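Below is one structure, written out as structure tokens; the observations come after it.
Numbering (the working numbering), first residue to last: 36 to 111.
Structure below.
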């Protein structure tokens, strides 16, 4: 198990989990994971970078509809 007390390891873990959820088109679950981890990430900047990173990855892979969902996720 990874040491999730380390910020960079936690960010990698969140990116991996959220990426897997997006690939399965489980957008709501991905948003929930991001929301749960957002306070522990390196601030709002890192959170937004994760969202944009997934959006660009999906559009590059030809799935621009998922990309749109990823980049415009509403967070509470």
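Ideal Cβ placement from N, Cα and C applies to all residues, glycine included.
As the structure is a computational prediction, the values presented were derived from the model and not from experiment.
Following the DSSP letters along the chain, one finds residue 69 inside the alpha helix (DSSP H) bounded by residues 62-72. Straight-line spacing of the CA atoms in residue 64 and residue 51 works out to 13 Å.
Cβ atoms of residue 68 and residue 56 come within 8 Å of each other, at about 7 Å.
Residue 88 carries a helical assignment under DSSP once its states are collapsed to helix, strand and coil. When secondary structure is reduced to three states using DSSP, residue 41 falls in the coil class, being assigned neither helix nor strand.
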